[in-house]
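Residue numbers (full-length UniProt numbering), protein chains in the order written: chain A, 1 to 556; chain B, 1 to 100. The structure appears right after this line, and notes come after that.
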Ligand code: SF4
């Protein structure tokens, strides 16, 4: 894990000190809210529906036990004993008081964490594959590049007042676990035909009001060109991007309006101009950063204990089958801890649960934890022989739900239970769907299925790329839920298709149930997932299941 | 034809706590909507909003929200405003917990 140097430490402390003074000036009346708002947003502090909300960055989702324990401490001391992990690998505290926030930032700084650039029109927290450094299918660990981009973008003077927020993600596998094509810029670490490692760059992806799949700007750029290339993209966007209309201000619209070729040409000119100002310090820095992301000191031991437990205990077996993924070391596994027990709020963990996860990571997981954009927590390196013990500990803490990738592993944004921008609630819809399919005991039979729910068109819940997407809207003063089908957030990113008119709050769960029964009826066999079935048969049979009245009318 | 004015309350969030507050008839801020001033006249509503906007050292983001006269006092008409009187639906937190 990256360790702060003196510069990082001084920078973070200075920012916290400044913010403390800004809060004091706001309270004394020396700053108006209009003056204070951009300052608090630069420090991740929002004002939501019922309270302030502090969004803390977890760069590329990586934590260790010290950091996780501190997040638990902050939850207890300044909040209501829990935190909410978000789809951007951050954590949000829903109930801080304005006067406590400077202390919270100090407590974060004590463990090399911060809330900088988790809001506002800047380059946001850089996200990455939550299996980074552990998965066998990666070309290399993508996190050093993510950290390089984090350092480059932190307080970058040119990019503090962009037209709109800007999100960057980094991946290093063909199989995309980081929703790369839904980011403003995405960096995929690739190898060219000559076997050299470099970067494929996507630009202009994004969800929200106008969902667009990111396009390839460069198939391959060599290592040394990364920062000048990304900087030239940002510069062109900063100059060209629209500032007259919030909904047209993202880079996806800039690319759309000007065309990819024109954009590339402009970026090329800018690149030619700034390239000579990069003298290789960025590459040296990357090499330094890389030292912090070495492979763990692997344990060389028998994995027999895993096989014994797997054969003997069906509950463990079910969890292992669902929540484990292959590791680059065959004696190890990547374990996903579901923080989505049926009926619980997706992404929420209590301070006790955070401490349990921290302890497990320290004892059995080479002291590493990850937060996934799917709002779960990952133990990236667990020796297989330790998995039965890990599972037992998780069980005691209510963290052993075997549902990763299944229908109750739902992404849900905070929606109108917290978010000031929301048009409807999303959390209770997720809770009810999970509870319902748990009652029906159908979850495992249904198999791989991603439901994603957003409480407004901003799409923080990624509904467009859910196999089933649910968007909560306000229709004439009542909550209404629109369903999209066939979305996909992986390397084959697809924007889901709208199924038809929306459903009322008390109709949405039955509608999802009809949809699932239709899928179970029409799938070719158990192997055919919902998404595959949808791609084979298209919208109409699902539409018929969703709107049986329409069918009857037709027949009449 | 101008639309008929619907009754309003002035509401905002408290500067320090961030929680939901309403303006009362005697220029105080209350944490309970029952005690808010129900404003029946458009010109008066604008005036009350100005009063609220003059108190930006105590409150954040004051605005006029639709309301009706209820049993105990002004009551919300839109579900968003109703949630604001109560708190989130996934935990017993916020106003619903404080009222106990
Ligand atoms: S999608 Fe909308 S409701 Fe949900 S968190 Fe984002 S802005 Fe808030």
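Ideal Cβ placement from N, Cα and C applies to all residues, glycine included.
- Inclusion of residue 454 of chain A in the 7 angstroms shell around the ligand SF4 follows from its C-beta lying nearer than that to a non-hydrogen atom of the ligand.
- Chain A has no Cβ within less than 8 angstroms of the Cβ of residue 21 of chain B.
- If only uninterrupted beta strand (DSSP E) runs of at least 3 residues are considered, those enclosed by the UniProt domain "Nitrite/sulphite reductase 4Fe-4S" (119-271) of chain A are 168-171, 185-191, 197-203, 215-222.
- Approximately 5 angstroms separates the beta-carbon atoms of residue 289 of chain A and residue 144 of chain A; this is inside 8 angstroms, confirming the contact.
- DSSP, reduced to helix, strand and coil, places residue 379 of chain A within a strand of the structure shown.
- If you look at residue 452 of chain A, you'll find it in the beta strand (DSSP E) that goes 451-454.
- For the region 41-63 of chain B, the beta-carbon criterion of a distance under 8 angstroms to any beta-carbon of chain A is satisfied by 56, 57, 60, 61.
- By the Cβ criterion, the region 464-479 of chain A is in contact with the region 495-503 of chain A, since at least three pairs of Cβ atoms, one from each stretch, lie closer than 8 angstroms.
- Taking the C-beta atoms as reference points, residue 419 of chain A is found no nearer than 8 angstroms to residue 160 of chain A.
- Counting only Cβ-Cβ distances below 8 angstroms, residue 92 of chain B has no contacts in chain A at all, with the closest Cβ about 10 angstroms away.
- Using a Cβ-Cβ cut-off of 8 angstroms, residue 479 of chain A counts as an interface residue toward chain B, since at least one Cβ of chain B sits closer than that to its own.
- Between residue 339 of chain A and residue 348 of chain A, the CB-CB gap stays under 8 angstroms.
- Judged by beta-carbon spacing, residue 451 of chain A lies within the 8 angstroms limit of residue 468 of chain A, meaning their Cβ atoms are closer than that value.
- When Cβ-Cβ separations below 8 angstroms define contact, residue 340 of chain A makes no contact with chain B.
- DSSP places residue 16 of chain B in the coil class of the three-state scheme, outside both helix and strand.
- In the DSSP assignment, residue 74 of chain B is bridged to B:69.
- Take residue 41 of chain A, set aside five residues on each side of it, and the residues of its chain with a beta-carbon closer than 6 angstroms to its own are 119, 120, in chain order.
- Interface with chain B (8 angstroms Cβ-Cβ cutoff): residue 38 of chain A is excluded.
- Between the region 16-33 of chain A and the region 48-58 of chain A, the count of C-beta pairs closer than 8 angstroms stays below three; the two stretches do not touch.
- For residue 50 of chain A, the closest Cβ of chain B is nearer than 8 angstroms.
- With a 10 Å radius around the Cβ and a threshold of 16 neighbouring Cβ atoms, residue 191 of chain A comes out exposed.
- In this structure, the alpha-carbon of residue 72 of chain A lies about 45 angstroms from that of residue 263 of chain A.
- Under the 8 angstroms criterion on CB atoms, residue 89 of chain B is classed as interfacial with respect to chain A.
- If you look at residue 287 of chain A, you'll find it in the alpha helix (DSSP H) that goes 281-290.
- The Cβ of residue 418 of chain A sits closer than 8 angstroms to at least one Cβ of chain B.
- In this structure, the CA atom of residue 69 of chain B is about 52 angstroms from the CA atom of residue 130 of chain A.
- Relative to the non-hydrogen atoms of the ligand SF4, the Cβ of residue 211 of chain A never comes closer than 7 angstroms to any of them.
- In terms of beta-carbon proximity, residue 47 of chain A lines the interface with chain B, with at least one pair separated by less than 8 angstroms.
- DSSP places residue 495 of chain A in the coil class of the three-state scheme, outside both helix and strand.
- Distances taken from the Cβ of residue 473 of chain A to the heavy atoms of the ligand SF4 include none shorter than 7 angstroms.
- Going by DSSP, residue 528 of chain A is part of no alpha helix (DSSP H) at all; its letter is neither H nor E.
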